[in-house]
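Peer 1: Please read through the structure below; I'll follow up with questions.
Residue numbers (the numbering used here), protein chains in the order written: chain A, 1 to 759; chain B, 1 to 76.
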């Protein structure tokens, strides 16, 4: 039993190995904490040092404590003990890069003002050694006034010394840090009279950060007069030759330089490092662009193509399990809830995992090695035109495969407004779930001439590529309005990615999706299942479910016989192809059985269709027919669109049921050689033509094109909405996304149909 | 007066003054871009914007419109 425990906060610049240190200290004992109102997460873990238990918190990587958004305020709030439900840390570990001490100590100097003991962990000393640098850490410790421990986080070196230093300094006082010009201190003291209970550090931030987070929060808390007084104080400081924000940067860098005097010896001539040579190639006009395009192709190929065998396996496991439940339980709501609702729901969550894990493996490698900043550098010009920045590119590219990992990938975008704009337009990219819908309708209505299928499919992808930037621009001028965000970005030195970091990132993202988004996806799947299942009573009082099951059982022996007979015929043809008589006899037998099977199967499909048509969702589709009429849709298309709320590809299966073709597997449509020859394809063609007065018969291509545009623009994907909720921390944004995309989809389908009708 | 956005790859420059939105100025200064500091232009992105520069051991990407507020003097 540990006799005492300490709370330790880890603070450092991005790319200092902060997360590596956190992992080395805590091992596998980690969990993630979320806070209301902010989108950042804090990782927490436990470590032991002798009989002291250390609660370690990994705070978000940052260059400065100057906060412009609630997200950036988390570090300050946490260290000052303002974060509700969290204890104030006993010690702060400031982790810095040995190769770049002067810049990294800027953040350390800010930490010293928070009144908590600080221990300096100087990381990456192996690289500094290699570069020929020499350090005097004892002198540095004396000059900074805090303990200094050289470490090598990736190899776990120096961690014992770090833990001892942390425990030793826990009882001590915080060091003092840089001093500001007396006129600045005087203004802070003057303001503190009006701001009762506000820490000196926060008042300094109020004065320095023009338009920052502190200014907004304190103006709200202490009402009007503060803003005016702060403005006047800033003016006086400017007249005295100490304008904000320069006064802070000058004071801190002067202090850092003083503290570093005589502590670091650099080799006289700076060698052109390997990292710099690599940088020259990777940002080169020709080579850099080529490498970037190849890498992006690899990323895209991986999540689009190479994830699918894994996804097929999950899908197969889902079907197997559902069949197992189906065969071992008696018919009724419970069996259907388990087999169709619950297992289907779990399956539809797990199916995203291969794409998420693979994409995050890539992102983790690209980020850990330092390439991510180069990719953003190369793409920034193009993305800036859409009101976004270079870091939006990879999330949007990933969204072409699937918006779920795409939205999660936006975490690399620091600026909140750019990040939200990227999240909100990511679902407009044509994802792989839209393919079965496109393939079905293109196969039925746009198969001739030869170039038409490709052209229509291309046009559908273009819809997303054109609409997304337009929406992004509109959002940046309305809802997410504000000055163009600062895009000053560090280009970190290249280093080898660490396997541990990459694996950890994959597990974190996969877990985050399953745990936080999965529950909501699951609940929605169950809800839509219920809406399609109930009421389950036939007009004559019998149960649809039991009747369906009875007929399925009836069909089973016959279909097994047909399957067996078909296999016999095949082996006969293979072994003895000359025996025409026997083959003909087998064929006749098979045909007779097929003739017996077809009407039974048809009546089963009709029963299924009747059931779904009178279900809650079916009735809703019929009630909403006037809404769909301007699009040229009948209630059946409307109902299929409603039923596909959890996931777009469901529309193919639902259409199958409504058109009495039984449940159709979207994959079957996608992989069919000729879609118009599949049962569903043929039925759609026939059914649409059946009523010559309906728009479906008069303008089938216009309706089909409109339907595709609808599915290209709509957000019929509960997984995407759940992930947006998770990443933005509020229901506001997924609801907004659903409403705006559905409106766009409706208007798009309306225009397509109405214009197509006239042509 | 020369501004940073008009510099050429490979040049060494001394910063004379930094002007712009407070948020931008603060961010640049936090990265060590202060009056009197010396920076080197590493290069430009393939489409001509943003630009990469080096200050001390740090390499930064800065958009040209952000660099336009930084007055510099060309060093031989």
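Each residue gets a CB set at the ideal place from its N, CA and C atoms; glycine is no exception. Since the structure is predicted, the reported quantities are computational estimates derived from the model, not experimental observations.
Rounding to the nearest angstrom, what Cα-Cα distance links residue 684 of chain A and residue 488 of chain A in this structure?
Peer 2: Residue 684 of chain A and residue 488 of chain A: Cα-Cα distance of roughly 55 Å.
Peer 1: If residue 706 of chain A sits next to residue 749 of chain A, beta carbons under 8 Å apart, how far is it from one beta carbon to the other, in whole angstroms?
Peer 2: Right, their Cβ atoms sit about 4 Å apart.
Peer 1: Rank A/298, A/167 and A/468 by C-alpha distance to the C-alpha of residue 50 of chain A and give the top, closest one.
Peer 2: Considering only alpha carbons, the answer is A/167.
Peer 1: Could you work out which residues of chain B lie near residue 64 of chain A, taking near to mean beta carbons separated by less than 7 Å?
Peer 2: Correct list: 30.
Peer 1: If we ignore side chains and look at the alpha-carbon of each, how far apart do residue 160 of chain A and residue 721 of chain A end up?
Peer 2: Near 45 Å, if we compare the C-alpha coordinates of residue 721 of chain A and residue 160 of chain A.
Peer 1: In the DSSP output, what is residue 40 of chain B paired with across the bridge?
Peer 2: Answer is B/12 and B/54, bridged to residue 40 of chain B.
Peer 1: Which parts of the stretch 468-544 of chain A are runs of the alpha helix (DSSP H), unbroken and 4 residues or longer, counting only runs that do not cross its ends?
Peer 2: With a minimum length of 4 residues, the continuous alpha helix (DSSP H) runs that stay inside the stretch 468-544 of chain A are 499-512 and 518-533.
Peer 1: Would you call residue 417 of chain A buried or exposed, if buried means 16 or more other Cβ atoms sit within 10 Å of its Cβ?
Peer 2: Flag for residue 417 of chain A reads buried.
Peer 1: Using a Cβ cut-off of 8 Å, which residues of the stretch 46-60 of chain B contact any Cβ in chain A, in chain order?
Peer 2: Within the stretch 46-60 of chain B, the residues whose Cβ lies closer than 8 Å to some Cβ of chain A are 46, 47, 48, 49, 50, 52, 56, 57, 58, 59 and 60, listed in chain order.
Peer 1: With 16 other CB atoms within 10 Å as the buried threshold, where does residue 389 of chain A fall?
Peer 2: Per the 10 Å Cβ criterion, buried.
Peer 1: When the Cα atoms are used, what is the spatial distance from residue 68 of chain A to residue 476 of chain A?
Peer 2: Straight-line Cα distance between these residues: approximately 18 Å.
Peer 1: Tell me which residues share the same chain as residue 288 of chain A and place their Cβ nearer than 8 Å to its Cβ, disregarding the 5 neighbours each side in the sequence.
Peer 2: Answer for residue 288 of chain A: 281, 282, 374 and 378, listed in chain order.
Peer 1: On a Cα-Cα basis, can you pick out the residue from A/536, A/396 and A/507 that is closest to residue 361 of chain A?
Peer 2: Closest by alpha carbon: A/507.
Peer 1: Please state whether DSSP places residue 2 of chain B in a helix, a strand or coil.
Peer 2: Strand.
Peer 1: Can you name, in chain order, every residue of its own chain whose Cβ lies under 6 Å from the Cβ of residue 678 of chain A, other than the five neighbours on each side?
Peer 2: Closer than 6 Å at the Cβ level, and outside the excluded window around residue 678 of chain A, lie 672.
Peer 1: Alpha carbon to alpha carbon, how far is residue 589 of chain A from residue 307 of chain A?
Peer 2: Those two C-alpha atoms are separated by around 43 Å.
Peer 1: Note the first and the last residue of the continuous beta strand (DSSP E) segment covering residue 55 of chain A.
Peer 2: Taken as a continuous stretch (DSSP letters only), the beta strand (DSSP E) holding residue 55 of chain A covers 52-58.
Peer 1: Could you pull the start and end residues of the alpha helix (DSSP H) that residue 200 of chain A belongs to?
Peer 2: That run of the alpha helix (DSSP H) goes 200-208.
Peer 1: Tell me, to the nearest whole angstrom, how far the beta carbon of residue 10 of chain A is from that of residue 95 of chain A; I am working on the premise that it is less than 8 Å.
Peer 2: Sure, about 6 Å apart at Cβ, within 8 Å.
Peer 1: For the structure I just gave you, are there three or more beta carbon pairs, one from the stretch 169-186 of chain A and one from the stretch 107-121 of chain A, closer than 8 Å?
Peer 2: Because the criterion of three Cβ pairs below 8 Å is met, the stretch 169-186 of chain A and the stretch 107-121 of chain A touch.
Peer 1: Less than 8 Å separating the beta-carbons of residue 303 of chain A and residue 405 of chain A?
Peer 2: Contact flag set, yes.
Peer 1: Output the distance between the C-alpha atoms of residue 628 of chain A and residue 666 of chain A, rounded to the nearest integer angstrom.
Peer 2: When rounded, the distance between both Cα atoms is 24 Å.
Peer 1: I need the straight-line Cα distance from residue 93 of chain A to residue 391 of chain A, nearest angstrom please.
Peer 2: The straight-line gap from Cα to Cα measures roughly 29 Å.
Peer 1: Assuming residue 744 of chain A contacts residue 467 of chain A under a Cβ cut-off of 8 Å, what Cβ separation, rounded to an integer in Å, is found between them?
Peer 2: Indeed they touch by this definition, with Cβ atoms about 7 Å apart.
Peer 1: Relative to the C-alpha of residue 610 of chain A, which residue among A/548, A/326 and A/121 is closest?
Peer 2: Of A/548, A/326 and A/121, the residue nearest in Cα terms is A/548.
Peer 1: Taking 8 Å as the CB-CB cut-off, is residue 305 of chain A touching chain B?
Peer 2: Answer no: the Cβ-Cβ gap between residue 305 of chain A and chain B never drops below 8 Å.
Peer 1: Are the C-beta atoms of residue 490 of chain A and some chain B residue less than 8 Å apart?
Peer 2: So yes, residue 490 of chain A belongs to the interface.
Peer 1: I want to verify the contact list: residues of chain A whose CB lies under 7 Å from the CB of residue 34 of chain B, in sequence order.
Peer 2: Correct list: 249, 250 and 253.
Peer 1: So what's residue 265 of chain A in DSSP terms, helix, strand or just coil?
Peer 2: Residue 265 of chain A falls in the strand class under three-state DSSP.
Peer 1: Looking at residue 50 of chain B and residue 380 of chain A, is the spacing between their C-beta atoms short of 8 Å?
Peer 2: Result yes, Cβ atoms of residue 380 of chain A and residue 50 of chain B sit closer than 8 Å.
Peer 1: If you run the structure through DSSP and keep just helix, strand and coil, what is residue 1 of chain A?
Peer 2: Below a pLDDT of 50, predicted positions are generally treated as unreliable, and residue 1 of chain A, at 45, falls in that range; the measurement from the model is reported next regardless. Three-state result, residue 1 of chain A: coil.
Peer 1: Are the C-beta atoms of residue 4 of chain B and some chain A residue less than 8 Å apart?
Peer 2: With 8 Å as the cut-off, residue 4 of chain B does not count as an interface residue toward chain A.
Peer 1: Tell me whether the stretch 222-229 of chain A and the stretch 186-201 of chain A touch, counting them as touching only if at least three CB pairs, one residue from each stretch, are closer than 8 Å.
Peer 2: Short answer: they touch.
Peer 1: In three-state terms, what does DSSP make of residue 276 of chain A?
Peer 2: Residue 276 of chain A falls in the helix class under three-state DSSP.
Peer 1: Which residues in chain A sit within 8 Å of residue 10 of chain B, going by Cβ to Cβ distance?
Peer 2: Within 8 Å Cβ-Cβ: nothing; residue 10 of chain B doesn't reach chain A, min ~11 Å.
Peer 1: Using a beta-carbon distance below 8 Å, is residue 27 of chain B in contact with chain A?
Peer 2: With 8 Å as the cut-off, residue 27 of chain B counts as an interface residue toward chain A.
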